[in-house]
Amino acid sequence: MPQCFFIEPTLGELQLLPEDKTHHLVHVLKMQAGEPVRLHDGQNRWAMATLELLGKKRVSARLTSAWQAVTTEPERQVTVFQALPKTGDKVEQVLQHGTELGAAGFVLFASERAQARLEERDRIERKVARWEELIRNAAEQSGRGVLPPVTYTRSLDEALAHAVGVALLLEESGQHLPPDLGNTVSVFVGPESGFTAAEKKQILAVGAQAVSLGPRTLRTETAALATLAKLL
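FYI, in the numbering used here the residues of the sequence shown are -17 to 214.
Set out below in structure tokens:
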């Protein structure tokens, strides 16, 4: 499969690739003019193109096919609500591999047992930009049709406001995953030490179902991915 890039499409055959992809494309991938690439518009469409101009700052490609629908997106939309773990690498694992597995989006939030808050506005913006870059790279690698959005909220209260469809709370003592959950699901995953009793009560109060992934205890970064694999 040709290298995939997400772009903001313009009218006409000639399309510009993102500026931040130039170094990687020219110096890491060693791609040259005339090579085929697959362009995605982030709106579930793709088209084939041929690299045309490889400059120091921008790379252009000429369309060689019409835009057509991407067929890799899952029918079920699963959003991961992940309590921020104590270390950033675990968050990045969830975002990267969750995107590859087909997550519809991510909501990250601080919880009582993992006070990993990003209070300063500039720090939040830097983190979100980093997370979006990880998601974009994973989406390009896996051939996604859309870029899953990532949202940071300062509390569980704020996170709950984003929940849609059937809400699931991952809990060791919960029931097995129901067979028919519909096509819109929100999955709440606790931090390393789990949600507090008060937090569980709060999530269940909005109509969430407590569900278990089995008899084994999973790491927080593994739990979200295992759920996505089961649901998608």
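We put the CB at the ideal spot given by N, CA and C, even for glycine.
Keep in mind it's a predicted model, so treat the numbers as computed, not measured.
Reference residue i; option with closest CA among the options
i, options, result
"H144", "V193, A86, L159", "A86"
"D215", "R126, G147, V188, S155", "In the structure as shown, the chain starts at -17 and stops at 214, and residue 215 therefore has no counterpart that could be examined."
"G70", "V41, E174, A43", "E174"
"E107", "K39, V19, L138, T133", "T133"
"T(-8)", "A15, G16, L11, S42", "S42"
"V169", "E82, L77, Q64, E154", "Q64"
"G156", "L33, E94, Q14, K182", "K182"
"P131", "E115, L138, K212, K72", "E115"
"A284", "A179, E57, S93, E74", "The shown model of the chain, from -17 to 214, leaves out residue 284, and the question about it has no answer."
"E154", "Q123, M13, R201", "R201"
Bounding residues of the beta strand (DSSP E) (the contiguous stretch that carries residue i)
i, result
"A65", "59 to 65"
"L90", "87 to 91"
"H9", "Element bounds for H9: n/a, residue is neither H nor E."
"Q191", "191 to 194"
"T81", "Taken as a continuous stretch (DSSP letters only), T81 belongs to no beta strand (DSSP E), being part of the alpha helix (DSSP H) at 70 to 83."
Beta carbon of residue i nearer than 8 angstroms to that of residue j
i, j, result
"D171", "L152", "Note that residue 171 is Val in the sequence shown here, rather than Asp. Yes; because the gap between Cβ atoms is below 8 angstroms, this pair is in contact."
"G24", "L129", "yes"
"Q(-3)", "L45", "yes"
"A141", "F177", "no"
"V60", "L214", "yes"
"L150", "V188", "no"
"R126", "T54", "yes"
"L83", "W113", "no"
"V52", "W28", "yes"
"E203", "K72", "yes"
Beta-carbon proximity list for residue i, same chain, < 6 angstroms, skipping 5 on both sides
i, result
"L195", "A208"
Unbroken alpha helix (DSSP H) run spanning residue i, endpoints
i, result
"V128", "Taken as a continuous stretch (DSSP letters only), V128 belongs to no alpha helix (DSSP H), as it is neither H nor E."
"E181", "179 to 187"
"E203", "202 to 213"
"E140", "138 to 142"
Burial state of residue i, where buried means 16 or more other Cβ atoms lie within 10 Å
i, result
"Q50", "exposed"
"L(-1)", "buried"
"P(-16)", "exposed"
"R136", "exposed"
"A215", "Residue 215 lies beyond the residue range present for the chain, which begins at -17 and ends at 214; the question has no answer from this structure."
"L11", "exposed"
"P197", "exposed"
"K212", "exposed"
"S47", "exposed"
"A190", "buried"
"R118", "buried"
7 angstroms Cβ shell around residue i - same chain, five flanking residues per side excluded
i, result
"G80", "V62, F88, A206, L207, L210"
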